[in-house]
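1326 is the number that the working numbering gives to position 296 of the sequence shown; each next residue is one higher, with no gaps.
Every residue, glycine too, gets a C-beta built ideally from N, C-alpha and C.
Only a predicted model underlies this, so the values are computations on that prediction, with no experimental measurement involved.
Following: one structure in structure tokens, then a few remarks.
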Amino acid sequence: MSAVLSPVTTPAAEVRLTDGFHLVLDALKLNGIHTIYGLPGIPITDLTRMAQAEGLRVISFRHEQNAGNAAAIAGFMNGKPGVCLTVSAPGFLNGLTALANATTNCFPMILISGSSEREIVDLQQGDYEEMDQLAIAKPLCKAAFRVLHADDIGVGIARAIRAAVSGRPGGVYLDLPAKLFAQTMDAAAGAASLIQVVDPAPRQIPAPDAIQRALDLLKSAKKPLILLGKGAAYARADDDIRALVERTGIPYLPMSMAKGILPDTHEQSAAAARSYVLPEADVVLLIGARLNWLLSHGKGKTWGGKDHKSWGGQKFIQIDISPTEMDSNVRIDAPVVGDIGSCVAALLAGIGSQWPKPPSEWTSAVSERRTKNIAKMAETLAKDPKPMNFHSALNVVRDIVKANPDAMLVNEGANALDFTRSIVDMYKPRKRLDVGTWGVMGIGMGFAVAAAVESGQPVIAIEGDSAFGFSGMEVETICRYNLPVCVVIFNNNGVYRGTDVNPKGGPDVAPTVFVKDARYEKLMEAFGGVGVYATTPAELRSGMEEAIRSRRPTLINAVIDETAGTESGRITSLNPAAALKK
Ligand code: FYN
Ligand code: ADP
């Protein structure tokens, strides 16, 4: 809606004017963006007020990084850009970490930051929060734009949206200098300058010969494997992906945020036989998953190679929207470039209904290994050690998620992340949100807020005590918006565990150790939410059940054995240990 501003020079006839503030909001609304995650301050305070007045939902945070993480995951959940709004310089920098993380994870997001006076910034004359934000953002995101004139706002927002969601999704920075907001222009001309983006993420149809090459290779396989990544979850091609898996009969392995595209209890899931299938498979079909560190770069011992850089002998088919992803780590024998929906549909058409199932020696071997590992896990989960440990606590979480398959699960930490990933089954797509490609700490409360706001479903956030600290102040935000978030902190008194000691014996504790028996639940109580102190699985269970039932903001301080946990969880090998001890 345009503002009717007081006429300045033409008292006879009232001139209908609009301004930069309204044009930004009108452009967002025109493109179906109705929620802004941010933190008000100079020069965007009024923009947040006006946004609310114009009917947008404004979710205000206590730190921009958490607002940015919220916007990023909203982008993943919706397939359209999540928007984060920050103040200049330090606020912008705080949001930038989330923008870079969104880009790394291929989440569509737009970081809009106010900035100081260009004339002063560019001459480096020392303005309030002086910083050349555009230049700093550029290398850390997919695209960066600055708008100087009100009549360019429509183009600026349109370009930001297209850059965020088309092709490989990612983060976009939009720089809006303070002077832009108050610029006025004729309201009709302003409305005409806005662009409603048509087909912002166009389908990209794969070439027929690329599909044929992939089908030929897949047909030749004796031990085929399908690997589903979070790109497959993002693509929302759930039915076709399931049909591809089931019609071919090929075992599949979900990456962590791809869990639930098919239910983890699916009989073709090879998740519980990971270390068996990776080195054994002969042809691997990657759908929206990169051969990065999380997949040991497609080579080395994980894949059956002789040493850490040797090829294991697998052939790869890779479906990805980004052509340059191919061959980034090992040779891709059958690249299929296009959007996952179109690529999987084309493969399905070629597969038809007569596709031969993989040799039964392969599928039975996978299934045998899987059954054995699941049985072993069930034995461990059935134990009831005192004090409670990761397994006995996660056994409860596993039951609660099974009973509430629509609930969103947010997960971060080291051991808290790794154990949750393998113990807690997911039943529906895009329900598991975690540390992603960087393995970054600090996404927890930002993701939890957006998960609740965007889905309306209860949110369960399983947090390591260290990971929680990065965004813990947002429990106030959770209470302020009365969001149905149940935070469970696995409290073992430290980073990895709470047992390290200061080798010098001085008054400082070891760098990995926190305050013993910290009462995290009181943080939630301080803002009117529910705090639960749980030392047994039964207490944890009743706390979680009540949180889901009541939908009240809840924080459960789940006290676990302080000796539980290993260095960096499952990635101990990435944490260099000194060979020389002084
Ligand atoms: C998995 N597993 C199971 C099941 N699911 N067993 C029984 N039942 C079920 N349902 C088994 C699986 O076969 C593996 O055993 C093991 O559990 C772990 O499985 P996971 O988690 O899939 O595999 P792994 O080896 O941990 O995967 C490697 C990885 C992962 C790099 C993809 O570790 C990862 O995503 N790490 C992210 C770490 C991170 O970002 N940390 C944050 C920073 S921490 P085996 O087959 O016997 O191996 C800072 O310090
Ligand atoms: P994971 O960490 O689960 O393995 P990655 O983030 O490494 O997943 O990989 C996701 C991949 O999916 C990226 O290479 C990205 O280009 C691709 N991708 C994202 N969306 C689509 C889409 N709609 N169609 C095709 N590829 C996509």
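Where residue i falls, given that 16 or more other Cβ within 10 Å makes a residue buried
{"i": "valine 1038", "result": "Because the pLDDT at valine 1038 is just 46, under 50, the model does not fix this residue reliably, and the value given afterwards should be weighed accordingly. Exposed."}
{"i": "threonine 1507", "result": "buried"}
{"i": "asparagine 1532", "result": "exposed"}
{"i": "threonine 1354", "result": "exposed"}
{"i": "aspartate 1178", "result": "Looking at the sequence shown, residue 1178 is not aspartate but leucine. It counts as exposed."}
{"i": "aspartate 1464", "result": "buried"}
{"i": "leucine 1115", "result": "buried"}
{"i": "threonine 1593", "result": "exposed"}
{"i": "tyrosine 1158", "result": "exposed"}
{"i": "valine 1275", "result": "buried"}
{"i": "valine 1427", "result": "buried"}
{"i": "alanine 1609", "result": "exposed"}
{"i": "glutamate 1504", "result": "buried"}
Contact set for residue i: own chain, Cβ-Cβ below 6 angstroms, skip 5 residues either direction
{"i": "serine 1598", "result": "Ala1444, Asn1605"}
{"i": "serine 1036", "result": "Bear in mind that the predicted position of serine 1036 carries a pLDDT of just 40, short of 50, making it unreliable; the figure below should be weighed with that in mind. Same-chain partners within the cutoff: there are none."}
{"i": "valine 1366", "result": "Pro1236, Ala1240, Ala1244, Ile1349, Cys1373"}
{"i": "glycine 1334", "result": "Pro1309, Gly1342"}
{"i": "alanine 1480", "result": "Ala1100, Ile1103, Ala1104"}
{"i": "methionine 1077", "result": "Sequence check: residue 1077 is leucine here, not methionine. Only Phe1051 meet the Cβ criterion."}
{"i": "proline 1207", "result": "Ser1145, Arg1148"}
{"i": "alanine 1607", "result": "none"}
{"i": "aspartate 1167", "result": "Per the sequence shown, residue 1167 should be read as alanine rather than aspartate. Counting only Cβ-Cβ distances below 6 angstroms, and skipping sequence neighbours, we find Ala1174, Tyr1203."}
Cβ-heavy atom distance, residue i to the ligand FYN, below 6 angstroms
{"i": "valine 1465", "result": "yes"}
{"i": "serine 1286", "result": "yes"}
{"i": "alanine 1408", "result": "no"}
{"i": "arginine 1092", "result": "no"}
{"i": "glycine 1197", "result": "no"}
{"i": "isoleucine 1317", "result": "no"}
Any non-hydrogen atom of the ligand ADP closer than 6 angstroms to residue i Cβ
{"i": "lysine 1289", "result": "no"}
{"i": "glycine 1334", "result": "no"}
{"i": "glutamate 1569", "result": "no"}
{"i": "arginine 1087", "result": "no"}
{"i": "serine 1452", "result": "no"}
{"i": "isoleucine 1191", "result": "no"}
{"i": "tyrosine 1563", "result": "no"}
{"i": "serine 1352", "result": "yes"}
Span of the alpha helix (DSSP H), counted from its first residue to its last, around residue i
{"i": "glycine 1220", "result": "1217-1223"}
{"i": "leucine 1126", "result": "1120-1135"}
{"i": "threonine 1075", "result": "1075-1083"}
{"i": "proline 1417", "result": "Careful: proline 1417 lies outside any alpha helix (DSSP H) and carries neither H nor E."}
Candidates the options, of which the one nearest residue i by Cα
{"i": "aspartate 1205", "options": "Pro1386, Asp1229, Val1113", "result": "Val1113"}
{"i": "alanine 1376", "options": "Pro1238, Val1275, Met1574", "result": "Pro1238"}
{"i": "valine 1045", "options": "Ala1217, Thr1542, Glu1160", "result": "Ala1217"}
{"i": "threonine 1401", "options": "Lys1336, Thr1295, Ala1433, Pro1567", "result": "Thr1295"}
{"i": "aspartate 1357", "options": "Ser1390, Asn1322, Gly1382, Lys1331", "result": "Asn1322"}
{"i": "glycine 1558", "options": "Ser1603, Ala1173, Asn1512", "result": "Asn1512"}
{"i": "serine 1223", "options": "Trp1392, Thr1278, Leu1053, Asp1270", "result": "Leu1053"}
{"i": "serine 1340", "options": "Val1489, Gln1163, Lys1331", "result": "Lys1331"}
{"i": "glycine 1261", "options": "Gly1197, Gln1298, Thr1278", "result": "Gly1197"}
{"i": "aspartate 1162", "options": "Ile1280, Leu1257, Phe1122", "result": "Phe1122"}
{"i": "isoleucine 1150", "options": "Ala1446, Thr1565, Lys1336, Glu1160", "result": "Glu1160"}
Terminal residues of the beta strand (DSSP E) in which residue i lies
{"i": "lysine 1345", "result": "1345-1350"}
{"i": "isoleucine 1317", "result": "1313-1317"}
{"i": "proline 1207", "result": "1201-1207"}
{"i": "glutamate 1493", "result": "1489-1494"}
{"i": "leucine 1115", "result": "1112-1116"}
{"i": "threonine 1048", "result": "1047-1049"}
{"i": "alanine 1254", "result": "The sequence given here has proline at residue 1254, not alanine. Per DSSP, proline 1254 belongs to the beta strand (DSSP E) from 1254-1258."}
{"i": "threonine 1467", "result": "Unbroken run through threonine 1467: none, as it is neither H nor E."}
Contacting residues, own chain, Cβ-Cβ under 7 angstroms from residue i (five flanking each side not counted)
{"i": "glutamate 1484", "result": "Ala1104, Met1107, Asn1108"}
{"i": "serine 1501", "result": "Asn1096, Gly1472, Gly1474, Met1475, Gly1476"}
{"i": "glycine 1186", "result": "Phe1175, Val1177, Leu1204"}
{"i": "arginine 1192", "result": "Val1227, Pro1230"}
{"i": "serine 1032", "result": "For serine 1032, the predicted structure reports a pLDDT of 46, less than 50, and the residue's modelled location is therefore unreliable. A value from the coordinates is still provided. Hits under 7 angstroms: Arg1046, Thr1048, His1052, Ala1217, Gly1220, Ala1221."}
{"i": "aspartate 1268", "result": "Ile1291, Pro1459"}
8 angstroms Cβ shell around residue i - same chain, five flanking residues per side excluded
{"i": "isoleucine 1590", "result": "Pro1417, Met1418, Asn1419, Phe1420, Ala1423, Phe1520, Asn1521, Asn1522"}
{"i": "arginine 1581", "result": "Pro1488, Pro1514"}
{"i": "serine 1250", "result": "Val1313"}
{"i": "threonine 1602", "result": "Thr1596"}
{"i": "phenylalanine 1449", "result": "Phe1420, His1421, Leu1424, Gly1599"}
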